Amino acid sequence: MSEKHIVKILSTDTITHDVKRFEVEKPQGYGFIPGQATEISIHKAGWQDKRNPFTFTSLNEWDHLEFTIKIYDNQDGVTHQLGLLQPGDELILHDVWGAIQYKGAGCFIAGGAGVTPFIAIFRQLHKEGLTGNNKLFFSNKTVADIILKDEFTKMLGQNFINTITQENAPGYDHRRIDEAYLKDMIRDFDQHFYICGPDLMVQTVQQALKNLGSPESVITVEI
1 MSEKHIVKIL STDTITHDVK RFEVEKPQGY GFIPGQATEI SIHKAGWQDK
51 RNPFTFTSLN EWDHLEFTIK IYDNQDGVTH QLGLLQPGDE LILHDVWGAI
101 QYKGAGCFIA GGAGVTPFIA IFRQLHKEGL TGNNKLFFSN KTVADIILKD
151 EFTKMLGQNF INTITQENAP GYDHRRIDEA YLKDMIRDFD QHFYICGPDL
201 MVQTVQQALK NLGSPESVIT VEI
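Numbering of the sequence shown is given in the UniProt record's numbering, commencing with residue 1 and proceeding in unit increments.
Set out below in structure tokens:
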């Protein structure tokens, strides 16, 4: 039988111009592996059966759950409705699932809101002093789109590498993450690679890594 938990929103705040953080109640005994997700629906008439997947960005030991969600206000979907909710409103959480979890040091490659599975992973590694030489390559359209820029910089320092595709910003790469970029930026293609972002980007990066010699066994993507 599938899980179903009705939880209250505890707080919301703005992360970027179109990304919000939601802190919500944590059901007793509820747990997940950093990188995993759940499907969320809104406990409101007309929205209870509309389920969207969102990644946990909290850590297991926290007394609440956190989600960091990109709000699409140009369409009347679940995220637009989420953006209108206030503390005290209720969400429905479903089963925990997800293929992205930490398997060893390597390169994390994210596009836009695809960085969310990596938030909890890096928070956990940082807490345990195990960040090491893990790198995060993060592609966004503009500098204003970078999610948790200050926190990732604090956790990763020079291993937080941003590339901006739709503006030429000083101090940032201005390239797409494609085969040529990966060849220029990475030396070891036998290390672990974790990829999350828009479907086309994930497919392009996955194929590029294979072309550059990465075995399938070191590439982790959301199934």
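The beta carbon of each residue, even a glycine, is placed where N, CA and C say it ideally should be. Small disclaimer: the values here were computed from a predicted structure and weren't measured.
| Taking the continuous beta strand (DSSP E) assigned at P53, which residues delimit it? | 52-55
| query | Which first and last residues belong to the alpha helix (DSSP H) in which E179 is found? | reply | 179-185
| request: Check the DSSP bridge columns for residue 245 and list the partner residues they point to. | output: With the chain represented from 1 up to 223, any question about residue 245 goes unanswered, as that position is not in the structure.
| query | In this structure, does DSSP put I119 in helix, strand or coil? | reply | helix
| said: What ranges does the beta strand (DSSP E) occupy inside the stretch 110-176, keeping only unbroken runs of at least 3 residues that lie completely in it? | reply: 135-140, 160-164
| message | I'd like to check one pair, V221 with H192: are the Cβ atoms closer than 8 Å? | response | no
| message | Quick check: what's the CA-CA separation for D18 versus F67? | response | 14 Å
| Does the distance from the CB of P87 to the CB of S11 come in under 8 Å? | yes
| field | Own chain partners of G111 with C-beta closer than 6 Å, once the 5 adjacent residues on each side are dropped | value | S139, G197, P198, M201
| Whose C-beta lies closer than 8 Å to the C-beta of R176 among residues of the same chain, with five residues either side of it excluded? | S139, T163, T165
| query | Below 8 Å between beta carbons: does that hold for I92 and S41? | reply | yes
| message | Please identify the residue among F54, G35, S58, D190 whose C-alpha is closest to the C-alpha of I71. | response | F54
| said: Using 8 Å as the threshold, is the C-beta distance between E167 and H94 below it? | reply: no
| said: With the cut-off set at 8 Å, would you say G83 and D73 are in Cβ contact? | reply: yes
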